[in-house]
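Comments concern the structure below.
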Amino acid sequence: MKKLILLIVVIALVGGGVWFYRQRAAKAAAAAENGEQLKAPPITVMKGKIDLQVPTTGKLISNLDVEIKSKASGQILRLPFDVSDKITSGNLLCELDPVDEKRNVSQREAALSSSQARLIQAREELKISELDRDTRTSSTQADLANAVIRNRDAQARLERAKELYDRQLVSKEEFDAARTEASNASNSLLKAQLAITDIKSLSNTIEIRRQSIKLNEASLQQSSVDLENAQQRLRETKIFAPMNGVLTSRPVQPGQIIASGVSNVGGGTTLMTLSDMSQLFVMANVDESDIGKVKPGQRCIITADAFAGKRFNGKVVRIAAKGVNNSNVVTFEVKIEVTGEGVNVLKPEMTTNVIIQAERREDALLLPNEAIQFDRTGYYVDTPVGNDDTTRSTQRIKIGITDGINTEILEGLSENDDVLLPAVLASKWVQGQAQAGGGNNLQRGMQRATFSLSRGGRR
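Remember, this note's numbering sits 202 above the position in the sequence shown when you count from 1.
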């Protein structure tokens with residue numbers, strides 16, 4: 203009902219305007235036929251709505267695109283989904299032939315068993331060496347103590363025998379016997395000392411065996427990790443969806459052999475791309491001359507050639523901090539979120555036209571751009587003096603935003619004020635009317651001016 207009333211009001215206003223300008227056109231035509239001087243009609247300041255718009259183009263992208271790769275390698279057995287299928291997190295996306303990964307697991311299990319056996323052997327060898335050292339240490343220390351005592355006693359007896367022999371109190375045979383005993387005791391002491399040195403060397407061997415155990419323990423740990431990784435690769439022959447989304451590409455087919463994304467230096471084979479389509483964005487490039495007008499949160503109108511005549515809504519969510527220079531043209535990337543029904547209609551990679559509603563003025567004073575003039579001191583317009591359209595007065599004005607057709611007047615004019623076209627434009631207008639015969643072109647000219655102003659009010 204409200205729309206119907208609004209339509210009736212608009213029709214009435216347009217009809218009244220057409221009647222008014224037809225009357226003025228008729229008078230102008232009559233004046234032209236009677237040889238009177240033809241004058242350009244004044245333009246009336248009107249109130250309306252005006253938008254400051256920033257047009258641009260861009261490409262649609264999804265919220266998130268995830269390339270799905272396999273950590274395992276092998277031949278594809280099954281691909282349950284195709285392009286455009288909707289995917290739920292946890293769905294099986296691809297199954298590989300597990301034979302290669304099973305073989306790898308068997309090899310890692312054998313390597314782990316070998317590492318365990320080497321560690322057991324090293325520990326046993328250390329235990330034997332330590333037992334041998336302890337036994338030999340106890341025996342050798344006792345032998346050394348006895349050898350020291352025997353050598354001391356033998357040397358004392360030798361000295362006593364020598365004294366007695368020198369005094370001819372003992373025979374030479376007794377002296378030689380004492381000397382032989384002392385020599386044997388000295389040799390026994392030397393052997394006992396060498397045995398102690400051998401025990402110290404055995405301690406070095408034990409330390410080497412301990413280091414060998416540490417190396418074997420590290421080897422066992424690495425073999426265990428390798429086995430866990432191999433088992434994980436075996437589990438990863440089944441690839442599951444990491445998130446909800448839509449399958450947007452699948453460049454592989456069942457039977458194809460793929461490379462691992464982990465062990466392959468080339469990054470592995472891309473199985474498919476999963477896209478989060480819950481949000482869509484337009485990546486637009488805005489010229490540096492317009493980027494100052496763009497702010498996050500501004501409303502946008504989006505159109506696409508694929509949906510002719512349809513307009514979709516959006517809003518600015520991000521403005522690049524740094525511009526891009528391409529052939530001496532600097533642009534800034536602006537990210538625009540698609541809102542409303544466009545999320546379910548538009549598709550990634552579509553080319554779009556975007557109008558960013560940078561600013562809007564409701565109930566603004568509007569004047570067509572051709573009526574506004576500029577000099578070194580600022581903007582101004584020509585206004586008629588009294589009822590005489592031929593006498594002009596300069597009126598300084600302050601302007602606001604413009605949509606390229608009309609401009610917002612902030613100061614200097616009021617609603618329904620009349621403004622004259624600049625003298626040059628007025629002269630050209632009169633010449634055109636005179637050459638065309640006056641009446642009909644005058645009417646069309648005023649209809650054009652009326653349409654221009656009303657168009658600015660509707661934007």
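Just so it is clear, CB atoms sit at the ideal spot from N, CA and C, and this is done for glycine as well. As the structure is a computational prediction, the values presented were derived from the model and not from experiment.
In the DSSP assignment, what residue or residues form a beta bridge with residue i?
{"i": "G260", "result": "A486 and T554"}
{"i": "T450", "result": "DSSP, once it has assigned bridges, lists no residue as partnering T450."}
{"i": "Q277", "result": "I459"}
{"i": "F442", "result": "L294"}
{"i": "P244", "result": "Answer is none; P244 lacks a bridge partner."}
{"i": "T596", "result": "D584"}
{"i": "I538", "result": "V484 and V518"}
{"i": "R501", "result": "K517"}
{"i": "G250", "result": "A566"}
{"i": "F576", "result": "Y581"}
{"i": "V621", "result": "I245"}
{"i": "E561", "result": "L254"}
{"i": "K288", "result": "V448"}
{"i": "T475", "result": "E269 and S451"}
{"i": "I601", "result": "I611"}
{"i": "A506", "result": "T554"}
{"i": "N528", "result": "V531"}
For residue i, does the count of other Cβ atoms within 10 angstroms reach 16, so buried, or fall short, so exposed?
{"i": "A681", "result": "For residue 681 there is no data in the structure shown, the boundaries of the chain being 203 and 661."}
{"i": "G606", "result": "exposed"}
{"i": "K374", "result": "exposed"}
{"i": "N353", "result": "buried"}
{"i": "K249", "result": "exposed"}
{"i": "L476", "result": "buried"}
{"i": "E361", "result": "exposed"}
{"i": "N418", "result": "buried"}
{"i": "A474", "result": "The sequence given here has Met at residue 474, not Ala. Buried is the call here."}
{"i": "V531", "result": "exposed"}
{"i": "L294", "result": "exposed"}
{"i": "T439", "result": "buried"}
{"i": "L266", "result": "exposed"}
{"i": "T554", "result": "buried"}
{"i": "V556", "result": "buried"}
{"i": "A636", "result": "Its pLDDT being 48, under 50, A636 is placed unreliably by the model, and nothing is read from it."}
{"i": "F576", "result": "exposed"}
{"i": "G588", "result": "exposed"}
{"i": "D619", "result": "buried"}
{"i": "A387", "result": "buried"}
{"i": "R452", "result": "buried"}
{"i": "P282", "result": "exposed"}
{"i": "I611", "result": "buried"}
{"i": "S462", "result": "buried"}
{"i": "P243", "result": "buried"}
{"i": "T593", "result": "exposed"}
Please report the Cβ distance between residue i and residue j, rounded to the nearest whole angstrom; I am assuming they are in contact, meaning their Cβ atoms lie under 8 Å.
{"i": "K251", "j": "R563", "result": "7 Å"}
{"i": "Q277", "j": "I459", "result": "5 Å"}
{"i": "V247", "j": "L623", "result": "V247 to L623, Cβ: 14 Å. No contact."}
{"i": "F442", "j": "G542", "result": "With 8 Å as the limit, F442 and G542 do not qualify as a contact, their Cβ atoms being about 33 Å apart."}
{"i": "N571", "j": "T596", "result": "About 18 Å separates the two Cβ atoms, so there is no contact after all."}
{"i": "N306", "j": "R435", "result": "7 Å"}
{"i": "L569", "j": "E617", "result": "Wrong, their Cβ atoms sit about 11 Å apart, outside the cutoff."}
{"i": "G447", "j": "D478", "result": "5 Å"}
{"i": "S390", "j": "A420", "result": "With a Cβ gap of about 46 Å, S390 and A420 do not count as contacting."}
{"i": "V621", "j": "A573", "result": "5 Å"}
Which one of the options has the shortest CA to CA distance from residue i?
{"i": "V547", "options": "S264, A560, E561 and V256", "result": "S264"}
{"i": "L328", "options": "K271, A394 and I410", "result": "I410"}
{"i": "L449", "options": "T399, T290, I611 and S272", "result": "T290"}
{"i": "F534", "options": "N431, D492 and S426", "result": "D492"}
{"i": "D299", "options": "V307, L314 and R280", "result": "R280"}
{"i": "S403", "options": "D489, S390, D302 and D334", "result": "D334"}
{"i": "V536", "options": "T259, L422 and R578", "result": "T259"}
{"i": "R578", "options": "E561, R598 and N589", "result": "R598"}
{"i": "S405", "options": "A379, S331, V427 and A432", "result": "S331"}
{"i": "S275", "options": "G580, D489, S465 and A573", "result": "S465"}
{"i": "D302", "options": "N389, I601 and R437", "result": "R437"}
{"i": "V484", "options": "K497, T505 and R320", "result": "T505"}
{"i": "K261", "options": "I538, K288 and D565", "result": "I538"}
{"i": "V256", "options": "G494, E430 and N348", "result": "G494"}
{"i": "L422", "options": "M445, N487, I558 and S317", "result": "S317"}
{"i": "G544", "options": "I503, I558, A379 and S529", "result": "I503"}
{"i": "L254", "options": "A573, L321, E561 and G602", "result": "E561"}
{"i": "L482", "options": "D489, V488, K512 and V518", "result": "V518"}
{"i": "I558", "options": "I574, G499, S385 and I601", "result": "G499"}
Cβ contact check for the stretch 268-283 and the stretch 568-586: 3 or more pairs under 8 Å: Judged by pairs of C-beta atoms under 8 Å, the stretch 268-283 does not touch the stretch 568-586, as fewer than three such pairs exist.
The stretch 516-532 contacting the stretch 462-473, beta-carbon criterion three pairs below 8 Å: The stretch 516-532, when compared against the stretch 462-473, does not touch it at the 8 Å Cβ threshold.
At least three beta-carbon pairs within less than 8 Å, the stretch 315-325 to the stretch 363-382: The stretch 315-325, when compared against the stretch 363-382, does not touch it at the 8 Å Cβ threshold.
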